[in-house]
Amino acid sequence: GQNIDQPTEMTATEGAIVQINCTYQTSGFNGLFWYQQHAGEAPTFLSYNVLDGLEEKGRFSSFLSRSKGYSYLLLKELQMKDSASYLCAVQNDYKLSFGAGTTVTVRA
Amino acid sequence: DAGVTQSPTHLIKTRGQQVTLRCSPISGHKSVSWYQQVLGQGPQFIFQYYEKEERGRGNFPDRFSARQFPNYSSELNVNALLLGDSALYLCASGVGEGRNEQYFGPGTRLTVT
């Protein structure tokens, strides 16, 4: 089976840094995705990690440790528009298994 | 380049009816996946099609079916609708062939009354 855990909610101040953790136990692993989803909209691709280590993409970075079944998404220099749900998803062969999502609220 | 497109945007159906949702992948993408997202939860995998063949199916009843056409577009059909089928239905497009990134369309919001 698939078990993907991430915190339900996080709150941070504009300009700050927030780290969203994701732990997973899955029957297979081909890679880990992070998506951003604003309310009522479709998920938007943020990052994809296959190998251990840190992937940096502008204000967003994602880290993966396959041996620990652990990933995090780091959001730097938070902006109000970053208020959204962030979804961690593990790929096994052809399908993605998602966590329930972490709602990030950015306050002024 | 056009992204993934889905139609209709919104749909209201009555219990027991049937519904067909449509998806066109990004040009050059051969893989289409369907997901169901209930409010407050992450998307749940329903089907994936690659090169017009079903590659996999999630834990959904046989009331759910899908197909992929020669132009790689896809349809998801749901028969005998239940109230619990009310959700956002997402289509994801991918290159396939070993590359795993999937890109989502805007979704179809289905409400069953």
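So the sequence lines, in the order shown, correspond to chains D and W. Under this note's numbering, the residue at position 69 of the first sequence is numbered 69, and the numbers go up by one with no gaps. Each number in this note's numbering comes from the position in the second sequence (counting from 1) with 1000 added on. All C-beta atoms, glycine included, are put in the ideal place defined by N, C-alpha and C.
State the beta-bridge partners of W:T1111 as determined by DSSP.
Taking the second sequence and counting its residues from 1, the one referred to as residue 1111 of chain W is at position 111. In the DSSP output, where bridge partners are listed per residue, W:T1111 has W:I1012.
Between the beta-carbon of D:L78 and the beta-carbon of D:V50, is there less than 9 Å?
In the first sequence, residue 78 of chain D corresponds to position 78, counting from 1. In the first sequence, residue 50 of chain D corresponds to position 50, counting from 1. The criterion of a C-beta distance shorter than 9 Å is not satisfied by D:L78 and D:V50.
Residues of the region 1085 to 1107 of chain W whose Cβ lies closer than 7 Å to any Cβ of chain D, in chain order
With the criterion set as a beta carbon lying under 7 Å from some beta carbon of chain D, the members of the region 1085 to 1107 of chain W are L1090, N1100, E1101, Q1102, Y1103, F1104, G1105, P1106 and G1107, in sequence order.
Nearest neighbour of D:Q37, chosen from D:K81, D:N92 and D:Q91 [CA to CA]
Position 37 of the first sequence, counted from the start, is the residue given in the question as residue 37 of chain D. Of the candidates D:K81, D:N92 and D:Q91, the one whose C-alpha sits nearest the C-alpha of D:Q37 is D:K81.
Taking CB distances under 9 Å as the criterion, tell me whether W:G1028 reaches chain D.
The residue you call residue 1028 of chain W lines up with position 28 of the second sequence. No, W:G1028 lies away from the interface with chain D (no Cβ there is under 9 Å from its Cβ).
According to DSSP, residues forming a beta bridge with W:R1067
On the second sequence, position 67 is the one that residue 1067 of chain W refers to. When DSSP reads this structure, W:R1067 sits in a beta bridge with W:E1075.
Residues within the region 1048 to 1059 of chain W neighbouring chain D, beta-carbon criterion of under 8 Å:
Here the close residues are Q1048, Y1050, R1055, G1056 and G1058.
With contact counted as at least three CB pairs below 8 Å, one residue from each stretch, are the region 44 to 63 of chain D and the region 96 to 108 of chain D in contact?
The count of Cβ pairs closer than 8 Å, one atom from the region 44 to 63 of chain D and one from the region 96 to 108 of chain D, stays below three, leaving the stretches out of contact.
Run through DSSP, which three-state label would D:K95 get?
Here residue 95 of chain D refers to the residue found at position 95 of the first sequence. Look at D:K95 here: in three-state DSSP terms it is strand.
Got a sec? Which residues, its chain only, sit under 8 Å from W:S1073 by beta carbon, not counting five neighbours each side?
Sequence index remark: in the second sequence, residue 1073 of chain W carries index 73 (1-based). Result list for W:S1073: R1022, C1023, S1024, P1025 and V1032, in chain order.
Among D:Q19, D:I17 and D:Y24, which residue has its Cα nearest to the Cα of D:Q2?
By one-based count along the first sequence, residue 2 of chain D stands at place 2. Cα-wise, what sits closest to D:Q2 is D:Y24.
Would a check of beta-carbon distances place D:Q19 closer than 9 Å to chain W?
Residue 19 of chain D sits at position 19 when you count from the first residue of the first sequence. D:Q19 does not count as touching chain W.
Starting from W:R1055, trace the beta strand (DSSP E) in both directions and tell me its first and last residue.
Taking the first residue of the second sequence as 1, we reach residue 1055 of chain W at position 55. Taken as a continuous stretch (DSSP letters only), the beta strand (DSSP E) holding W:R1055 covers E1053 to R1057.
The beta strand (DSSP E) spanning D:L32 covers which residue range?
Taking the first sequence and counting its residues from 1, one reaches residue 32 of chain D at position 32. Unbroken beta strand (DSSP E) run through D:L32: G31 to Q37.
Rounded to the nearest angstrom, how far is the Cβ of W:A1066 from that of W:N1077, given a contact under 8 Å?
Taking the first residue of the second sequence as position 1, residue 1066 of chain W is located at position 66. Taking the first residue of the second sequence as position 1, residue 1077 of chain W is located at position 77. With a Cβ gap of about 7 Å, W:A1066 and W:N1077 count as contacting.
Go through its chain and collect everything with a Cβ distance to D:N30's Cβ below 7 Å, but skip five positions before and after it.
Here the question's residue 30 of chain D lines up with position 30 in the first sequence. The beta carbon of D:N30 is closer than 7 Å to those of Q91, N92 and D93 in its chain, skipping five residues each way along the sequence.
Would W:Q1044 count as contacting chain D if we go by Cβ distances under 9 Å?
Indexing the second sequence from 1 puts residue 1044 of chain W at position 44. Yes, W:Q1044 counts as interfacial toward chain D.
For W:L1088, which residues in the same chain have their Cβ closer than 6 Å to its Cβ, ignoring the five residues on either side in sequence?
Here residue 1088 of chain W refers to the residue found at position 88 when the second sequence is read from its first residue. In the same chain as W:L1088, and ignoring 5 residues on each side of it, the C-beta atoms closer than 6 Å to its own belong to Q1037, G1107 and R1109, in chain order.
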